[in-house]
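Enquirer: The listed protein sequences derive, respectively, from chains A and B. My numbering puts the first residue of the first sequence at 1, with every later residue one more than the last. My numbering puts the first residue of the second sequence at 1, with every later residue one more than the last. C-beta atoms are modelled at their ideal positions from N, C-alpha and C, and glycine is treated no differently.
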Amino acid sequence: MISTAVRPFGLSLALRTTRRWLVVGYWLLAALLFVLVELDEGSALHRGRWILPLLPLQVLIFVPVLLGGVKVGGPVKPFRGAHWVPLPDREEIHTLFGKSDATIQDVDLDERETLQRDRVHFFAYTAARWMAIGLLAIFCLVAAWNPAWSVRFGSASFYLLVLTLWSLPQSILLWTEPDMEVAE
Amino acid sequence: MRAELILFGKRIDMAQRARRRALVIALYAGLIALMAILWPTTHLRGTGGYMLYAVIAVCWLFLGGITPRGLVKPFNGKAPRMQTKTNPFIGLRLQVFPPILPGDEGEFRNDERELHQRDRAHYQAYQGVGMAVAVVMVLAMIRSMKPEWRTWPGVGSDELYFGIFLGLAVLMMTLPQAILLWTEPDMEEFPE
Chain A
1 MISTAVRPFG LSLALRTTRR WLVVGYWLLA ALLFVLVELD EGSALHRGRW
51 ILPLLPLQVL IFVPVLLGGV KVGGPVKPFR GAHWVPLPDR EEIHTLFGKS
101 DATIQDVDLD ERETLQRDRV HFFAYTAARW MAIGLLAIFC LVAAWNPAWS
151 VRFGSASFYL LVLTLWSLPQ SILLWTEPDM EVAE
Chain B
1 MRAELILFGK RIDMAQRARR RALVIALYAG LIALMAILWP TTHLRGTGGY
51 MLYAVIAVCW LFLGGITPRG LVKPFNGKAP RMQTKTNPFI GLRLQVFPPI
101 LPGDEGEFRN DERELHQRDR AHYQAYQGVG MAVAVVMVLA MIRSMKPEWR
151 TWPGVGSDEL YFGIFLGLAV LMMTLPQAIL LWTEPDMEEF PE
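1) For Ala65 of chain A, is the classification buried or exposed, using 16 other Cβ atoms within 10 angstroms of its Cβ as the cut-off for buried?
2) Could you name the residues of the same chain whose beta carbon sits closer than 7 angstroms to that of Thr164 of chain A, not counting the 5 residues immediately before and after it, in chain order?
3) Using 10 angstroms around the beta-carbon of Asp111 of chain B, count the other beta-carbons present and answer buried if the total reaches 16, otherwise exposed.
4) Among the residues of its own chain, which have a CB less than 7 angstroms from the CB of Phe108 of chain B, if the five just before and after it don't count?
5) Per DSSP, which residues does Gly81 of chain A bridge with? Please list them.
6) Name the residue from B:Leu171, B:Met187 and B:Ile164 whose alpha carbon lies nearest to the alpha carbon of Ile56 of chain B.
7) Name the chain B residues whose beta carbon is nearer than 9 angstroms to that of Trp175 of chain A?
8) Between the C-alpha atoms of Ile133 of chain A and Val58 of chain B, what's the straight-line distance to the nearest angstrom?
9) Which residue wins for smallest C-alpha separation from Ala140 of chain B, given the options A:Arg112, A:Pro75, A:Pro56 and A:Gly73?
10) Measuring CA to CA, which of A:Arg152, A:Val24 and A:Arg7 is closest to Gly74 of chain A?
11) Leu109 of chain A and Phe62 of chain A - do their beta-carbons sit closer together than 8 angstroms?
12) Roughly how many angstroms separate the alpha carbons of Leu61 of chain B and Gly128 of chain B, rounded to a whole number?
13) Please identify the residue among A:Glu111, A:Val59 and A:Gln58 whose C-alpha is closest to the C-alpha of Gly81 of chain A.
14) Measure the C-alpha to C-alpha separation of Leu38 of chain B and Met51 of chain B and round it to an integer number of angstroms.
15) Please tell me whether, using a cut-off of 7 angstroms, the distance from the CB of Leu163 of chain A to the nearest non-hydrogen atom of the ligand GDP is below it.
16) Between Ala169 of chain B and chain D, is the shortest Cβ-Cβ distance under 8 angstroms, so that the two count as touching?
17) Under 8 angstroms between C-beta atoms, does Ala124 of chain A make it to chain B?
18) Is the distance from the Cβ of Leu71 of chain B to the Cβ of Met137 of chain B below 8 angstroms?
19) Using a beta-carbon distance cut-off of less than 8 angstroms, what residues from the region 154-171 of chain A approach chain B?
20) Just the chain B side, please: which residues come within less than 7 angstroms of Leu57 of chain A by C-beta, in chain order?
21) Please tell me whether Pro169 of chain A and His121 of chain A are closer than 8 angstroms, where the distance is taken between their beta carbons.
22) Compute the beta-carbon to beta-carbon distance between Leu15 of chain A and Asp179 of chain A, rounded to the nearest angstrom, for a pair I have assumed lies under 8 angstroms.
23) Mapping the DSSP letters down to three states, classify Val65 of chain A as helix, strand or coil.
24) Can you round the beta-carbon distance between Ile172 of chain A and Phe123 of chain A to whole angstroms, since I take them to be within the 8 angstroms contact cut?
25) Within 10 Å of its beta-carbon, does Glu159 of chain B have 16 or more other beta-carbons around it, so buried, or fewer, so exposed?
26) Using alpha carbons as the reference points, say which of B:Gly49, B:Tyr123, B:Gly30 and B:Arg21 lies closest to Gly69 of chain A.
27) Looking only at C-alpha atoms, which of B:Ile25, B:Ala26 and B:Gly48 sits nearest to Ala36 of chain B?
28) Would you tell me roughly how many angstroms separate the C-alpha atoms of Leu136 of chain A and Glu38 of chain A, rounded to the nearest one?
29) Using a beta-carbon distance below 8 angstroms, is Ala44 of chain A in contact with chain B?
30) Judging by CA-CA distance, which residue of B:Gln177, B:Ala125, B:Thr41 and B:Gln16 is the nearest neighbour of Glu188 of chain B?
31) If you draw a straight line from the alpha carbon of Tyr126 of chain B to that of Ala144 of chain A, how long is it in whole angstroms?
32) Of all the options B:Leu168, B:Gln117 and B:Gly163, which has the alpha carbon lying nearest to the alpha carbon of Val162 of chain A?
33) Tell me which same chain residues have a C-beta within less than 6 angstroms of the C-beta of Ala134 of chain B, skipping the five on either side of it?
34) Write down the C-beta distance between Ala54 of chain B and Leu31 of chain B rounded to the nearest angstrom, noting that I regard them as a contact closer than 8 angstroms.
35) Compare the C-beta of Arg118 of chain B against all C-beta atoms of chain A and say whether one is closer than 8 angstroms.
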């Protein structure tokens with residue numbers, strides 16, 4: 001499920017410790033972006049409108065590159081396989097940060113990996129479901145307590161929910177998979 | 001997955017996929033109708049919480065998965081605590097709380113094949129919900145870029161967020177069960 005041939009920032013992901021640091025770094029980056037925008041009170045992006053630049057940045061760039069799962073080139077193989085190759089005459093995979101020795105043949109999931117992918121999504125879905133219900137309950141409390149805060153809380157919660165939905169399965173996989181042998 | 005639905009003491013055969021699909025369509029139509037009724041009266045505020053009660057009731061009576069009753073076995077594979085007698089009042093009268101005896105534990109435990117089906121359904125549901133939030137994200141971006149659209153559809157941003165969270169919660173509580181009921185082929189009838 002995890003491609004050791006992909007090395008973001010030149011780091012080998014064969015060791016679980018390295019992968020856990022990558023996951024921690026990803027979530028810290030998400031938190032940092034959130035805090036930076038949230039602290040900038042005078043910004044036009046503030047007051048609930050800051051999802052405009054943040055979410056596409058996370059979803060389109062950081063998730064595929066740092067965690068994978070979405071498309072070819074990340075540490076986690078694409079969940080849906082590789083159905084489209086931009087340069088079919090070139091077999092090596094290019095990544096945005098770091099390098100990769102993987103080929104397009106390395107990204108297809110075998111039977112075991114497909115079962116592992118489904119199982120991880122079950123756990124992630126269960127967590128996300130409780131999170132959605134919890135956020136809804138907290139949003140109701142915030143709206144009842146101070147309606148002026150509800151928009152800010154709503155946009156922050158939406159950011160957290162989208163981030164979780166798009167990156168939790170990959171994070172679980174990278175966090176839990178034991179140490180691996182480096183691909184030749 | 002269970003082949004029959006026990007509704008208020010009456011057994012309904014749900015082995016045929018067509019019946020299960022009709023049930024899924026009817027349940028979602030009902031939930032949408034309830035949301036449509038609540039929206040103009042209170043803009044989902046206050047009474048929006050009733051949607052969650054409705055979803056829990058739908059899962060308890062029909063879908064299962066997150067509740068011990070319903071067509072889909074509990075996802076966590078745990079049987080509810082043993083009951084040797086029914087609820088003496090409403091439950092007994094309506095027969096919605098039949099007793100759970102020690103021999104019934106297999107009714108709640110998924111075998112290997114069912115676990116794979118459960119995981120696959122959750123994967124498919126996850127993809128669906130992930131795409132749904134992406135669509136909402138794009139709509140939010142468009143709404144942010146076009147200030148004149150901020151007044152559409154006549155609700156404030158806070159109510160819109162409430163609607164989004166409520167819709168997501170409803171979807172996340174029901175979608176895997178709906179996928180399982182929709183995709184599972186007709187069940188074979190076991191010999192008596």
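Expert: Here's the rundown:
1) Sequence check: residue 65 of chain A is Val here, not Ala. Val65 of chain A should be labelled buried.
2) Ala128 and Met131
3) exposed
4) Within the same chain, Phe108 of chain B has close Cβ partners Pro68, Lys73, Pro74, Gly77, Lys78 and Ala79.
5) DSSP lists no partner for Gly81 of chain A.
6) The shortest Cα separation from Ile56 of chain B among B:Leu171, B:Met187 and B:Ile164 belongs to B:Leu171.
7) Result: empty, since nearest Cβ-Cβ is about 17 angstroms, beyond 9 angstroms.
8) 16 angstroms
9) Nearest to Ala140 of chain B by alpha-carbon distance, out of A:Arg112, A:Pro75, A:Pro56 and A:Gly73, is A:Pro56.
10) A:Arg7
11) no
12) When rounded, the distance between both Cα atoms is 24 angstroms.
13) A:Glu111
14) 9 angstroms
15) Among the ligands in the structure shown, none appear at all, so the ligand GDP cannot be discussed.
16) No chain D is present in this structure, whose protein chains are A and B.
17) yes
18) no
19) Gly154, Ser155, Ser157, Phe158, Leu161, Val162, Leu165, Trp166 and Pro169
20) In chain order: nothing, as chain B lies at least about 12 angstroms away.
21) yes
22) 6 angstroms
23) Here DSSP, grouped into helix, strand and coil, assigns Val65 of chain A to helix.
24) 6 angstroms
25) Result: buried.
26) B:Tyr123
27) B:Gly48
28) 21 angstroms
29) Any reading at Ala44 of chain A is ruled out, since the residue's pLDDT is 49, under 50, leaving its predicted position unreliable.
30) Just measuring C-alpha positions, the residue of B:Gln177, B:Ala125, B:Thr41 and B:Gln16 sitting nearest Glu188 of chain B is B:Gln16.
31) Their backbone Cα atoms lie some 31 angstroms apart in a straight line.
32) B:Leu168
33) none
34) 6 angstroms
35) By this cut-off, Arg118 of chain B is an interface position.
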